[in-house]
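Residue numbering for the sequence shown follows our numbering, beginning at 1063 and increasing consecutively. Below: one structure, written as structure tokens.
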Amino acid sequence: MAVNVSARQLSGGALVQHVTEALAVSGLPASSLVLEVTETALVPDPDSAAERLCELRALGVRLALDDFGTGYSSLSYLRQFPVDVLKIDRSFVGLLDGPDDDAAIVHGLVQLGRRLRLEVVAEGVETTAQRDRLRAEQCDLAQGYLFAAPLEAAEAELLLLGRVRPSTPSGV
């Protein structure tokens, strides 16, 4: 399960407590929870953000750097913050449909993530051509309309149980 964390939540003092309580109430193993943080959420107070992320990771929660490359794009974030997952923004995935020079950015991001032993997830995959290129790059995971439109919890459960087919926008 992946959950977005806002800059406000990250800077507030109750995030670790809220996550601890949510894990206890839900029974979800901490290792099954991925908290997604954008680069812009880390910028206002990087030291405090790093401390909070370390506390969350100590719970066993996994951490993802979301929309990588679209914010302040400091490569030092990959060293400074204890992340497990690098999420490539959809704006870069869209480049896979263009010239090889544009697609080289995705290649570089996937290779960077792999070298740093991070799980690499591509966001916004909409075409089979994008999926195929990401497979060729050995990207770990992909998400987007090619696989399913956004779903409510009940619909997602049915999809995961194989009781319904994913709905995708027309033309995909």
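Cβ coordinates follow ideal geometry from the N, Cα and C atoms, glycine included.
Problem set entry | Buried or exposed by the 16-neighbour rule on C-beta atoms within 10 Å, applied to residue 1131 | buried
Problem set entry | Nearest to residue 1211 (by Cα), restricted to the options 1201, 1226, 1198 | 1226
For this session: With DSSP as the reference, label residue 1143 as helix, strand or coil.
Result: coil
Problem set entry | Rounded C-alpha distance that separates residue 1072 from residue 1103 | 7 Å
Exercise. For the alpha helix (DSSP H) that contains residue 1174, what are its first and last residues?
Worked result: 1162–1177
Problem set entry | Local conformation of residue 1225 per DSSP, three classes | coil
Problem set entry | Touch test, the region 1111–1120 against the region 1169–1176, Cβ-Cβ under 8 Å, three pairs minimum | no
Problem set entry | Whole-angstrom distance between residue 1217 and residue 1079, CA atom to CA atom | 30 Å
Exercise. Where residue 1155 and residue 1064 are concerned, what is the direct C-alpha to C-alpha distance, given to the nearest angstrom?
Worked result: 20 Å
For this session: Tell me where the alpha helix (DSSP H) around residue 1086 begins and ends.
Result: 1077–1088
Exercise. What's the C-alpha gap between residue 1074 and residue 1161?
Worked result: 43 Å
For this session: Could you have a look at residue 1210 and say whether DSSP puts it in helix, strand or coil?
Result: coil
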